[in-house]
Amino acid sequence: MSELSGKQVIDDASLIRRCLDGDEVHMRLLVERFQGVVFGLCHRMLGHREDAEDVAQDVFLRVFRSLQKWDSSRPFKPWLLTIAANRCRTALSKRRRVPTPTELQIHPQAGAADLESLGLSEELQLALSELRDDYRMCFVLFHQQELSCAEVAEIMQCPEGTVKTWLHRTRRKLADSLIRRGVVTDADFELHRI
Amino acid sequence: MRILSCTEFEQQLREAIDSRAAVDEAAFCAHAADCDDCLRQWEEYQLLSVAIAEWNSDQPEIDLVDAVLAQHAFRGNEEHAIQPTPQAVEAENIATAPGLESRPRVFLQTVKTASDPIHSSRQRYSVLAVLASAALVLCLIATPFNPPSVETQLTGRSLTASHPAPNPKMADDEATGADVEALVRDAGSAYMGLARDAADVFTDTVAFIPEQTLPTANPTNALDSNADDSKQSIPWGQELEPIRRDVGQAIDFLFETISTEVEPTT
Numbered sequence: 000m001s002e003l004s005g006k007q008v009i010d011d012a013s014l015i016r017r018c019l020d021g022d023e024v025h026m027r028l029l030v031e032r033f034q035g036v037v038f039g040l041c042h043r044m045l046g047h048r049e050d051a052e053d054v055a056q057d058v059f060l061r062v063f064r065s066l067q068k069w070d071s072s073r074p075f076k077p078w079l080l081t082i083a084a085n086r087c088r089t090a091l092s093k094r095r096r097v098p099t100p101t102e103l104q105i106h107p108q109a110g111a112a113d114l115e116s117l118g119l120s121e122e123l124q125l126a127l128s129e130l131r132d133d134y135r136m137c138f139v140l141f142h143q144q145e146l147s148c149a150e151v152a153e154i155m156q157c158p159e160g161t162v163k164t165w166l167h168r169t170r171r172k173l174a175d176s177l178i179r180r181g182v183v184t185d186a187d188f189e190l191h192r193i
Numbered sequence: 000m001r002i003l004s005c006t007e008f009e010q011q012l013r014e015a016i017d018s019r020a021a022v023d024e025a026a027f028c029a030h031a032a033d034c035d036d037c038l039r040q041w042e043e044y045q046l047l048s049v050a051i052a053e054w055n056s057d058q059p060e061i062d063l064v065d066a067v068l069a070q071h072a073f074r075g076n077e078e079h080a081i082q083p084t085p086q087a088v089e090a091e092n093i094a095t096a097p098g099l100e101s102r103p104r105v106f107l108q109t110v111k112t113a114s115d116p117i118h119s120s121r122q123r124y125s126v127l128a129v130l131a132s133a134a135l136v137l138c139l140i141a142t143p144f145n146p147p148s149v150e151t152q153l154t155g156r157s158l159t160a161s162h163p164a165p166n167p168k169m170a171d172d173e174a175t176g177a178d179v180e181a182l183v184r185d186a187g188s189a190y191m192g193l194a195r196d197a198a199d200v201f202t203d204t205v206a207f208i209p210e211q212t213l214p215t216a217n218p219t220n221a222l223d224s225n226a227d228d229s230k231q232s233i234p235w236g237q238e239l240e241p242i243r244r245d246v247g248q249a250i251d252f253l254f255e256t257i258s259t260e261v262e263p264t265t
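Respectively, the protein sequence lines represent chains A and B. Numbered as in numbering that gives the first Met the number 0, the first sequence ends at 193 without a single skipped number. Numbered as in numbering that gives the first Met the number 0, the second sequence ends at 265 without a single skipped number.
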């Protein structure tokens, strides 16, 4: 994150006030500060870099348009991620109408040789792309964005208990998928060693 | 070390996941070693812990700043060009106030949109549309007051029908008798039309000359001239009436002569 040179790090509320005044320098700073968060969510949800870039740009444009609606008494990041999550849902629904190839495709006939070329990260993303959108959103918000279950529930507009259920169900499915595809990590050796 | 039950194992593992708290690995491993179901859960937990850590570290770099701000400026200009918002009007007032040159650049951009090409062209087209509408209304109003021309009164035919424009293509064709005759007929019709137009203009001129009041016979006595209401009035239209009548008769004679010779059908 690159902040303004020669200035102290500004907090989110002050930054947004400056953006509301139309200060382009602080608008730039806002994008710099949160682009990783927004793009990370979009990339994990969509599984396609270019699509994620487009959606992330759209998210920031919508944020600038509706910045005055943000409640300054509440944290900014969940509000921002709510917009990002909604844009991802919209992009996914459009993709269903017009299918777009994703970067990681599921090949049922993939053999062991194919598996060797994928790292553990790609394997997890591949397994994640097979899940329902709400399961995937729940997992990404919790594990990638490191939000609490309550914050995830607020973003996804569902009860916190539902989020916990979805989260554990998603973890179970992902683990099953990884084991089914023969992914073995050092954790297994560590477990047996203990 | 206390041995966990299966219910405690599952509950504590769930809580550790939900709250991202650290787990007592020794206690969990001790229970998992004796329970296959709990061993499977523990393996899944460890597998996902490693996979998620690697997954989170595998995030591509991105720089959206320039693209986002460029699109924001573009869309802002587009929206303001269509309809200036109250904020833009307010910003214009602020920007034009003295001593506030350091106002935010985005607001100043919205102020500049009043003179951008889209806005100016729309204004121009609106003005043209208003002018065209006004001209149409004036034509509609003026049409009923257009007096009938002399030619219409005489012949009952429109002027355009009586003197068609000569066809220049015909002059290029090979000169035949019929073509020459048609050419002469067209020239005659055109001449008749011009003559009728001249008569119209002259008649209208005579008819619209107002009656003028001439000065008094003895202008030296101003008081007398003011007191005397009996001013000598000479109607100029009456003086020109003989000329108009003579010219009109000559033109009518010419018109009737040519029309009977050239246009036998009428």
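In this text, a Cβ means the ideal position worked out from N, Cα and C, and glycines have one as well. This one's a predicted model, so the numbers in the text were calculated from it and none came from an experiment.
- Contact check for V37(A) against A83(A) passes: the beta carbons are separated by less than 9 angstroms.
- Taking the beta carbon of E53(B) as reference, the chain A residues within 8 angstroms of it are G118, L119, S120 and L123, listed in sequence order.
- Between S56(B) and chain A, the shortest Cβ-Cβ separation is below 9 angstroms.
- Look at L119(A) here: in three-state DSSP terms it is helix.
- At least one CB atom of chain B sits nearer than 9 angstroms to the CB of R171(A).
- Within chain A, no residue has its beta carbon less than 7 angstroms from that of Q11(B); the closest one is some 13 angstroms off.
- Beyond the five residues adjoining it in sequence on each side, V30(A) comes within less than 8 angstroms, by CB distance, of F59 in the same chain, given in chain order.
- Residues of the segment 33-46 of chain A with a Cβ closer than 9 angstroms to any Cβ of chain B, in chain order: Q34, G35, V37, F38, G39, H42 and R43.
- Within a 10 Å sphere around the beta-carbon of F138(A) sit 16 or more other beta-carbons, which makes this residue buried.
- For E52(A), the nearest beta carbon of chain B is closer than 9 angstroms to its own beta carbon.
- D17(B) reaches chain A at C148, K163 and L166, counting residues in chain order whose Cβ is nearer than 8 angstroms.
- A126(A) counts as buried, since at least 16 other C-beta atoms from the protein chains shown sit within 10 angstroms of its C-beta.
- Only exposed fits V179(B), as fewer than 16 other CB atoms lie within 10 angstroms of its CB.
- Nearest CB-CB separation between L66(A) and chain B: not below the 9 angstroms threshold.
- Annotated three-state conformation of D10(A) is coil, per DSSP.
- The three-state reading of DSSP puts R179(A) in helix, counting H, G and I together.
- The beta carbon of I61(B) falls within 9 angstroms of a beta carbon belonging to chain A, placing the residue at that interface.
- Residue environment analysis places C5(B) among the exposed positions, since fewer than 16 neighbouring C-beta atoms fall within 10 angstroms of its C-beta.
- Comparing alpha-carbon positions, the option among E255(B), A128(B), C28(B) and E238(B) lying closest to M191(B) turns out to be E255(B).
- Among the residues of chain A, none has a CB under 7 angstroms from the CB of A21(B); the nearest is roughly 15 angstroms distant.
- Along the segment 13-27 of chain A, going in chain order, the ones with a CB nearer than 7 angstroms to a CB of chain B are D20, G21, D22, E23, M26 and R27.
- For the 9 angstroms CB-CB criterion, A21(B) and A29(B) do not form a contact.
- Put simply, the segment 149-163 of chain A does not touch the segment 39-50 of chain A. Fewer than three CB pairs are less than 8 angstroms apart.
- Comparing C-alpha distances from E121(A) to each of R17(A), Q56(A), K163(A) and R180(A) shows the shortest one belongs to R180(A).
- C-alpha of Q143(A) to C-alpha of L63(B): approximately 20 angstroms in a straight line.
- The beta carbon of L139(B) sits no closer than 9 angstroms to any beta carbon of chain A.
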